[in-house]
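Just so you know, we're using the UniProt record's numbering here: the sequence shown kicks off at 1 and counts up by one.
C-beta atoms are modelled at their ideal positions from N, C-alpha and C, and glycine is treated no differently.
Some notes on the structure that comes next.
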Amino acid sequence: MSRNRDTVPIPTSIPDTQNGVTYKRLHYLGKGGFAKCYEFQNAATGEIVAGKVVPKTLLTKQHQKEKMMQEIALHKTLKHRNVVMFKSSFQDPNFVYITLEICKKQSMMELHKRRGPLTEPEVRYYMKQIGEGMDYLHNTMKMIHRDLKLGNIFINSEMVLKLGDFGLATRISSPDERKKTLCGTPNYIAPEILTKSGHSFAVDMWSSGCIMYTLLVGKPPFETSSLKETYSRIKRTEYVIPEDTVGPAASNLITSMLKNNPKTRITAKEMLDHEFLTEGYLPKRLPTSSLTVRPHFT
Ligand code: ADP
Numbered sequence: 001m002s003r004n005r006d007t008v009p010i011p012t013s014i015p016d017t018q019n020g021v022t023y024k025r026l027h028y029l030g031k032g033g034f035a036k037c038y039e040f041q042n043a044a045t046g047e048i049v050a051g052k053v054v055p056k057t058l059l060t061k062q063h064q065k066e067k068m069m070q071e072i073a074l075h076k077t078l079k080h081r082n083v084v085m086f087k088s089s090f091q092d093p094n095f096v097y098i099t100l101e102i103c104k105k106q107s108m109m110e111l112h113k114r115r116g117p118l119t120e121p122e123v124r125y126y127m128k129q130i131g132e133g134m135d136y137l138h139n140t141m142k143m144i145h146r147d148l149k150l151g152n153i154f155i156n157s158e159m160v161l162k163l164g165d166f167g168l169a170t171r172i173s174s175p176d177e178r179k180k181t182l183c184g185t186p187n188y189i190a191p192e193i194l195t196k197s198g199h200s201f202a203v204d205m206w207s208s209g210c211i212m213y214t215l216l217v218g219k220p221p222f223e224t225s226s227l228k229e230t231y232s233r234i235k236r237t238e239y240v241i242p243e244d245t246v247g248p249a250a251s252n253l254i255t256s257m258l259k260n261n262p263k264t265r266i267t268a269k270e271m272l273d274h275e276f277l278t279e280g281y282l283p284k285r286l287p288t289s290s291l292t293v294r295p296h297f298t
């Protein structure tokens, strides 16, 4: 009798024989496209990590295996305070496992859903860290993330932001290189991807502009009820910044990130020097209570 392979249970004790480590699988954290994510505990040291578990039954096509291997190969090379740290990858006959630095406070998506529009000091705090992570990816690692969105920006228990999910990421080998294709659908997609004009680092700046707008305004800049209409607005860069709620420096930074022409769009380095991030109150650390209620700054 053949067994439905989708129902092969995930083991509760998971050995990584290469590294001589055994993980205890603890509670469920969430799921993504292919992966289910759990807290894993290193049985010897007690260390808690995030364990992504991908059933091999979902990786039947050669191209799916390659994409996953590419994501691992890229992610492995990254080491920065604002990037989710890759720990290890291994497999057994049924599953591929990836262990990552644990981010106990979920992602900015949950924060956005609970809080709606954030205060300017909070947005300054978060955007600075997104800028630092991006400057590292672009300038140190020559990598484009290509799918920066609230759900891919994780928060650890110290309220430090960590860019994650490198499933659409790619490496740029020369400053003039333009990528022509992208296999997947980024959430905050840049106009030059939609028009297939060739794209590079600037697509991440576009996404960051959409993220900053969403954090301040409470909804994304190009949101409509139809994807076709949204794409048409993106291509025309048709969006409005509400003047009553967004200050001039914030508004200027958003406008610099949401430039239709990628050549005139602000870079990660320039963003870090922008007055919105260098002037005005920047909290050293946000309280974890700010994940659910508006903080008051004294
Ligand atoms: P996929 O790459 O398959 O889309 P994700 O990276 O989105 O998978 O992860 C799926 C879910 O697992 C996330 O929505 C989140 O709930 C959880 N998760 C992923 N990485 C971490 C992490 N480092 N720390 C804590 N939870 C995580």
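By Cβ distance, which residues of its chain are closer than 6 Å to residue i, with the 5 residues on each side in sequence left out?
i: G30; result: C37
i: T224; result: T230
i: A202; result: P262 and R265
i: K76; result: F86
i: M212; result: M127 and I254
i: M143; result: L137, A169 and R171
i: E101; result: V84 and M85
i: L112; result: The residue you asked about is not Leu; residue 112 is His in the sequence shown. Taken in chain order, the residues that qualify are L150.
Just how far apart, CA to CA, sit residue i and residue j?
i: T264; j: R115; result: 33 Å
i: S2; j: I10; result: With a pLDDT of only 48 at S2, under 50, the local geometry of the prediction cannot be trusted, and no value is derived from it.
i: K52; j: P15; result: 14 Å
i: T12; j: A50; result: 14 Å
i: M119; j: T7; result: One point to set straight first is that residue 119 is Thr, not Met, in the sequence displayed. Roughly 45 Å separates the two Cα atoms.
i: L74; j: I98; result: 13 Å
i: P295; j: M108; result: 16 Å
i: S226; j: S232; result: 10 Å
i: P220; j: F297; result: 26 Å
i: K180; j: L194; result: 11 Å
i: R236; j: N260; result: 8 Å
i: Y23; j: D92; result: 13 Å
i: R124; j: T57; result: 43 Å
i: V240; j: L148; result: 21 Å
i: D273; j: G131; result: 10 Å
i: A44; j: F154; result: 27 Å
i: T214; j: L26; result: 34 Å
i: M251; j: E47; result: Note on residue identity: the sequence assigns Ser, not Met, to residue 251. Cα to Cα, S251 sits roughly 43 Å from E47.
i: E270; j: G151; result: 25 Å
i: S173; j: P242; result: 39 Å
i: T185; j: C210; result: 15 Å
i: A268; j: W206; result: 11 Å
i: D176; j: L182; result: 17 Å
i: V21; j: F166; result: 25 Å
i: K284; j: S256; result: 25 Å
i: S200; j: R178; result: 6 Å
Below 8 Å CB to CB, which residues in the same chain sit around residue i once its five sequence neighbours on both sides are set aside?
i: T17; result: F90
i: M68; result: F34, V54, L59 and V96
i: T288; result: K105, S157 and M159
i: V83; result: G133, Y136, L137, K162, L163 and G164
i: N19; result: S88 and F90
i: K79; result: M85
i: V246; result: L216, V217 and I254
i: L282; result: P121, R124, Y125 and K128
i: T292; result: R114 and R115
DSSP three-state label for residue i, please.
i: K67; result: helix
i: V21; result: strand
i: Y38; result: strand
i: T7; result: helix
i: G85; result: The question names Gly, but residue 85 in the sequence shown is Met. Three-state DSSP puts M85 in coil, outside helix and strand.
i: Q62; result: helix
i: S107; result: strand
i: M257; result: helix
i: T230; result: helix
i: P295; result: coil
i: V49; result: strand
i: P175; result: coil
i: M271; result: helix
i: V54; result: strand
i: Y281; result: coil
i: T99; result: strand
i: M141; result: coil
i: K196; result: coil
Does residue i pass the burial test, meaning 16 or more other C-beta atoms within 10 Å, or should it be called exposed?
i: N139; result: exposed
i: Q64; result: exposed
i: E192; result: buried
i: L188; result: For the record, residue 188 in the displayed sequence is Tyr; it is not Leu. Y188 comes out buried.
i: Q62; result: exposed
i: S208; result: buried
i: D204; result: buried
i: R81; result: exposed
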